[in-house]
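Residue numbers (this note's numbering): 126 to 364.
Note that CB positions come from ideal geometry on N, CA and C, so glycine has one too.
Source: prediction; values computed, not measured.
Here is the structure we will look at, set down as structure tokens.
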Amino acid sequence: MRNKSFKSGRFDKKYNQRHPGHRSNFMDINDPSGFLLACYFILRGCPDNFFAMFAVMCSSFTKMNAGTSKRSKCSSMGFDAFPSVSYSNKLLERSVLLIYLVTALGGTWFLEQPSQSVLEYYPTFRKMLLDLFNVQGGDAVFDTRWWMCQYGAPTPKRHYAYSNSDKIYLLNQGKLYVKCGQRSQTVSRKRNAEGKQCYTGAKHLRPTECPGCCSCQVWNFGLGFSGHAGVMGFYIGPI
């Protein structure tokens, strides 16, 4: 982002690990200091002229984790007795609060997820969309879908995004055409003792999870801000 002359702030829990004896991680919005720092980042944005990108940790919301999280489109909150599920729920709910703040300040926000993520069905997220529609009308929020391999990813991998800028439609480059070549194997499938098909991630899965493949294109689109707007990346935790 800085290479494209944007004033930017990085916010990612991988930039700081909680040390023994420390009660809070200032790079994790689930911790008090982290959430306050995220609010500070947003409040530092130029009113009506800044952009915040949210890449919320998707591992708990995807279909691959459904056996643990118990999430589905009809039950997107999952089984929050599991620490990873309750952590991710809290993470999304605080991200929604930050999106409210970005919207109130006139900024542009962008949230992306893999296509099999049920995040978009989470009640708090749906409530936020409804609130924005009630206040700003049908042009309050836009969504789109695209193929990550059209931006250099090693696998096709479908993604979706929500934003309060209609320029996210530019991410969708249309149909995906199969090209000759060897495809990487991202999962291994087998049947368990009950005869149910199960699958686990293979070594080629991790490289497909990086949200940076299309991030430069997001900046190129501008998403409604001028060339010298403030930019904040909220990639919260490993996907």
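Could you pull the start and end residues of the beta strand (DSSP E) that residue i belongs to?
i    : result
F176 : F175 to F179
V303 : That residue, V303, is in no beta strand (DSSP E); it is neither H nor E in DSSP.
S194 : S194 -> not in any beta strand (DSSP E); alpha helix (DSSP H) instead, spanning A191 to S194.
V312 : V312 to R316
G232 : Element bounds for G232: n/a, residue is neither H nor E.
S133 : K132 to F136
Go to residue i, then tell me how far its alpha helix (DSSP H) extends in each direction, as first and last residue.
i    : result
Y225 : P208 to A229
D205 : That residue, D205, is in no alpha helix (DSSP H); it is neither H nor E in DSSP.
G159 : P157 to L168
L257 : P248 to Q261
So if DSSP puts residue i in a beta bridge, which residue, or which two residues, is it bridged to?
i    : result
D268 : Y287
P239 : H284
G326 : V312
Whole angstroms are fine: how far does the CA of residue j sit from the CA of residue i?
i    : j    : result
P281 : F186 : 19 Å
N190 : M178 : 24 Å
L255 : V221 : 12 Å
I167 : L236 : 15 Å
M357 : R316 : Confidence at M357 is low in this model, with a pLDDT of 48, below 50, so its placement is unreliable and the value that follows should be read with caution. Answer to the nearest angstrom: the Cα atoms are 44 Å apart.
V303 : S184 : 27 Å
Q275 : G299 : 10 Å
H284 : V181 : 13 Å
I154 : A286 : 21 Å
K138 : Y225 : 21 Å
T228 : F136 : 19 Å
L223 : G159 : 12 Å
V260 : R196 : 30 Å
P172 : L217 : 24 Å
G192 : S209 : 13 Å
S149 : R143 : 7 Å
V312 : G326 : 4 Å
L162 : D156 : 10 Å
G277 : G170 : 31 Å
P145 : K215 : 23 Å
Y140 : F250 : 26 Å
Assuming contact is defined by CB atoms lying nearer than 7 Å, are residue i and residue j in contact in what I supplied?
i    : j    : result
D205 : S213 : no
W272 : L230 : no
F151 : T233 : no
K321 : Q241 : no
- request: Determine, using beta-carbon pairs with one atom in the region 291–299 and one in the region 257–268, whether at least three such pairs fall under 8 Å.
  value: yes
*asked:* Three or more C-beta pairs under 8 Å: does that hold for the region 237–247 against the region 199–219?
replied: yes
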